[in-house]
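Single-structure report; data block below.
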Amino acid sequence: MASEAAAEILSQKLETLLHHPECVRCLSMEDLVKKAKEKVATIQRFFSTQDRPPKSMEWLGRLLRAMYEAEDFIDKFHLGEARGRHGALHVVTRPAAELVSKYELWRNLSNLVKKMEELCLDQYLKSKMEMVPASSFSPASVTWQGPKKVRLTSYWNLQASYLCREEKKKEIMRLIVGDAQGNVVAVTSIWGEQGTGKTFLARSVYSEAKCLGVESRAWVCVSAGMEEREFLFEILRQMRKPAREVKDMKLEEIMEMLFNVLGKVKKFLIVLDNVQPSNELLLLRLVGIILFHGQGHIIITTQHYNIAKTMDFSLGKRLFRLDKLNDDESEKMLASKLYRVPDGQSLSKNKDILSTCGRLPLSLSLLGGLLSYTEEHERQEPKLSALLKDCSGLSGIVQLSYQRLPVHLKPCFIYMALFPVASPIPTRRLVRLWLAEGLLDSHCYHSERKPTRLPEDVGEIFILELAERNLIDVVNWRADGSPKACQMPTCMHDMILPIASSTGFLYIHDTSKWKDGSDRDPTSQQEQAQLRGHKVRWFAEHTSIVRGGQGGGHPSLNLSHLLSFLSFDLRRSLLTKDIGTFLRKMTSKTDYSLLRVLDLEGVYKPSLQGVLHKLVLLRYLGLRSTELYSIPSAVADLHYLETLDIKHTNITSLPSSIWQSRKLRHLHLNWFYIDLKDILEACSNNVEALTELQTLSRLVIGEVTENSMTGQMNILTSLTTLKLFLQQSDKGTSSGDAVEMISRWISTGLTNLQSLTFGVIQEAKSAEEAETARGAEPQAGAEQEVGAAPAGPTKEAKKSQVGVLPTLSLAERHHELLELYLLGQLKNPIWTRLLPDSLRVLTLSGSKVETDMIPELGNFLRSLRTLRLLGNSFLGKSITFTANGFPSLKILKIWKLPQLEDVTIEGGAMPNLKEVEFRHLEMLKTIDGICHCKQLETLWVICRSDDPAFVKHLEGGTGDETILHVEKDTVWSGSMDTYKDDSDDDDAATTSP
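As numbered in the working numbering, residues 1207 to 2199 make up the sequence shown, in order.
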């Protein structure tokens, strides 16, 4: 397993080295790299013919050592170059050092070729290779699936929605709705053997929480050794961000705070996943805290009947046992997973396949994904019987599913094991981590090294294929229908982690995970003996490496070749100094580090002083939600940096030299003011500055002059995502022409955009105007209230109100634009000129349109999936969704339209609509024609009126399959989501594509 992934990583590094200037200029060096690549490809072809890993541990050990050594010297060669650029070497000694570096690279490549030749000539491999046909492992072998808008329509809209536990889901949801009649917290237990779909069922209920009247929710994956303090704090953290640091809080204080928080919400939902016998005391403690206080519901999933029975306080009424599926259910589920197979319906009735799966949903899902990617002749006898013979139970299907993965997906899949088990992983984060590790680079070029696609697109395709193979579950969706968060099934995580860890591929520090009945700890002598000598590549910290180990740190780990460091220890302030201590210790023996990834997302105020300047190869710096107030100026000297994420921090400035970066691809800010002159001057003085930038998010620019924009229409043309607010004041110097030039720059220069957020904001003059501005916000307490003063941060940020948007013309050139959010008044908009028909998501806020534009929009936005009309976007009294309008629309949200009285839906309008949300429409009287939306699943209405006649009117218009939730003056808190904020304006998750 690790050998195959290591071979792919080495192949990509050799591919990159092959096109390095030193290899291009030196024919002998180029020849060595090509020979090494050929030998690695030979070994990869050998692996591709094996449905099980080779049994020769001695040969695999030699192969791994050779590949790890090759990675070492290639990375150190690049490090030497980076040190030279960084000014670490004196000008006089630099030429000699470069000459030595080139010689060492040539010598090491020669040794690598010899070692690989010996491995390929090994008797074990030679006898096998005689039967292996030649095949290509070129980067072009990754199937290209077209632009993002094509991928969305070709797969995500066709994803099967079959849920084998639909009746049980509905029953649990009815119980949660019925809990509103009492004041006692109810507990529902879902139990069954591994693979019966317990977590999937709980997740599907959890995702519907908003429509069940739930205000706050928390999802906790419970580990065997989870401590009471950690358990209760995790629930508290998801319910409400604690105002105090956890280091200052005793267990009794956490309990009291949780008691008070849950007592203030009208209804809450807590899901405890994978509960084990050792967690019984945790459950009883939680129930004891909240049982007779407030209205809430707890769902637990477990494989142990005794746990389920202990938590049953309803005489079996809330005890759900998940058995294996019957034959009919098994056939339906398998058919839903064979959507790529032309004869999927007939294949789903194959008794041998159903018998192999044992009628377990997880086995059916994995085998369906495996068969979907096999050749047609392998789905016929006798090949099919041979394949099924290799699948012995769930564990056999799991192993074969991984073994049959294409070689380019294996290292990416293993990398996902760094994340906590059953933890939703933001796809935004995952793709950029893969990119920083170099796992995508070589798949973006033709053989002539000409770029053919963006690495971000390649990463999305990888996620697409893993999802189609059912090796990952998509647990959260963006409004445009693409995956927002995914997770690896627990059985896959349990298989991959031990093997990858034992070979030094990755290491996870988690003291709670291993504490079972014998209180075994990963820092034991036995564990240290296994780790000693391995050079760990990827390191994830689930509990503090400094405080969790023996005597501070893990003495047996060799971190000299550490490439990725990710921390998931989110306990406030425990890592403020620990991260800095650990990183300084890691770099203490060398002047510089090979580290490419430093991901501290969610860690509380990590200390980076004295460390960052040593990380000269760093590509990914993730500081999202760290609450930092500043960032070391050395960040501007990280010449290889591709991703910098400081969203949800208190950072209000960056070094001006950051705009001279040549490698930066993704920059996530936190809605603070940036002087546009700094960006313009950097691009003017350096033609390569910001030429790779794809994402520029949450940026506020102040006054703009016409002279500053003249001749700058061609800057940042590579952008695919832009979230930009223009802040104006009455005393500002921006002229109308200058603002129009910004509009023209967006309309004519940024034609690669896939997502655009653009708004004009002004300083509020009065409390009344500030209230008007708040009415136009896309989320409660979200982006409109941009607390950024132009001259810098102030103690109390000023509120902002919306201004007038300049004229945009996006329809003609923005053919790839999928998501558009406009904040500001639209004066006499020409919709067919403003909006491209490629849009999947449209959000309007503060537009102040007076005439009903819905019929026109519905006529030409045929691909629109999500429509949001937010505060003051429409000032009329009625809107009408006309027949045949919005044929692709799935989500409709209408918030805070002060004059709206009537909503009419004609027959044939929005035939695929699934979710409707009306929030704070004080004048709303009628919603006619909702019955025409036959696919509608949820209708959520929040208004000041609790008129029984209005509620009855809504009930009469919805079908039996539609969940209707009417609530008075309650605002859903998006901050309670456990996997939020991957899209700034994607306020609610949807569970179907």
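Note that beta-carbon positions come from the ideal geometry of N, C-alpha and C, so glycine has one too.
The alpha helix (DSSP H) enclosing residue i, as first and last residue numbers
i     : result
K1219 : 1208–1224
S1571 : 1567–1578
K1656 : Segment: none, K1656 is in no alpha helix (DSSP H) and carries neither H nor E.
W2037 : 2037–2040
V1390 : V1390 -> no alpha helix (DSSP H), and no H or E assigned at all.
Backbone secondary structure at residue i - three-state DSSP
i     : result
I1857 : coil
S1484 : helix
F1526 : strand
G1828 : strand
R2208 : Residue 2208 falls outside the range modelled here, since the chain spans only 1207 to 2199, and no answer is possible.
I1280 : helix
Q2141 : coil
E1747 : strand
L1962 : strand
Y1274 : helix
C1597 : coil
K1240 : helix
E1733 : Because E1733 carries a pLDDT of 48, less than 50, the predicted location of this residue cannot be relied on, and the following value inherits that uncertainty. Of the three classes helix, strand and coil, the one that applies to E1733 here is helix, per DSSP.
A2003 : Residue confidence is low: A2003 scores 38 on pLDDT, short of 50, so the model does not pin down where it sits. Its coordinate-derived value is still stated next. In the structure shown, A2003 sits in coil (DSSP, three-state: anything other than H, G, I, E or B).
K1404 : helix
Q1968 : strand
V1906 : strand
I1441 : helix
Span of the beta strand (DSSP E), counted from its first residue to its last, around residue i
i     : result
L1870 : Careful: L1870 lies outside any beta strand (DSSP E) and carries neither H nor E.
I1714 : 1712–1715
K1690 : 1689–1693
H2171 : 2169–2174
C-alpha distance - residue i paired with residue j, whole-angstrom precision
i     : j     : result
S1333 : F1252 : Its pLDDT being 45, under 50, S1333 is placed unreliably by the model, and the measurement read from it follows with that caveat. Those two C-alpha atoms are separated by around 11 Å.
V1789 : L1814 : According to the sequence as given, residue 1789 is Leu; it is not Val. If I take the Cα positions, the gap works out to 8 Å.
A1430 : E1587 : 44 Å
P2154 : R1380 : 21 Å
D2043 : L1930 : 22 Å
V1154 : T2072 : Since the displayed the chain opens at 1207 and closes at 2199, residue 1154 lies outside it and no answer follows.
L2126 : V2172 : Residue identity differs from the one stated: residue 2126 is His in this sequence, not Leu. Those two C-alpha atoms are separated by around 11 Å.
P1661 : S1571 : 29 Å
L1800 : L1577 : 40 Å
A2003 : L2075 : Here A2003 scores only 38 on pLDDT, less than 50, and its place in the model is too uncertain to base an answer on.
L2211 : G1564 : Nothing can be reported for residue 2211: it is not among the residues displayed for the chain, which extend from 1207 to 2199.
L1490 : T1516 : 9 Å
V1627 : H1715 : 13 Å
E1414 : Q1609 : 36 Å
R1585 : R1546 : 13 Å
I1215 : V1467 : 48 Å
R1446 : V2157 : 32 Å
P1567 : P1861 : 53 Å
L1827 : V1477 : 32 Å
L1670 : E2107 : 43 Å
Counted within 10 angstroms of its Cβ, other Cβ atoms place residue i as buried (16 or more) or exposed
i     : result
D1851 : buried
I2036 : exposed
T2049 : buried
P1617 : buried
R1675 : buried
R1271 : exposed
P1339 : Per-residue confidence for P1339 stands at a pLDDT of 41, beneath the threshold of 50, marking its modelled position as unreliable; the derived number appears in the next sentence. Flag for P1339 reads exposed.
M1273 : buried
S1598 : exposed
V1906 : buried
D1534 : exposed
E1421 : buried
Residue i: CB within 7 Å of a non-hydrogen atom of the ligand ZN
i     : result
V1664 : What this structure holds is no ligand at all, so the ligand ZN is not there to describe.
Closer than 8 Å to chain E by CB, residue i
i     : result
N2034 : No chain E is present in this structure, which holds just one protein chain.
message: Report the start-end ranges of each beta strand (DSSP E) in the segment 2047–2117 that is 3 residues or longer and not cut off at the edges.
response: 2047–2051, 2072–2075, 2084–2087, 2097–2101, 2108–2111
| message | I'd like the ranges of any alpha helix (DSSP H) spanning at least 4 consecutive residues and lying wholly in the segment 1491–1523. | response | 1511–1516
>> Please give the ranges of any beta strand (DSSP E) in the segment 1872–1897, keeping only runs that are unbroken, at least 3 residues long and fully inside the region.
In response: 1872–1880
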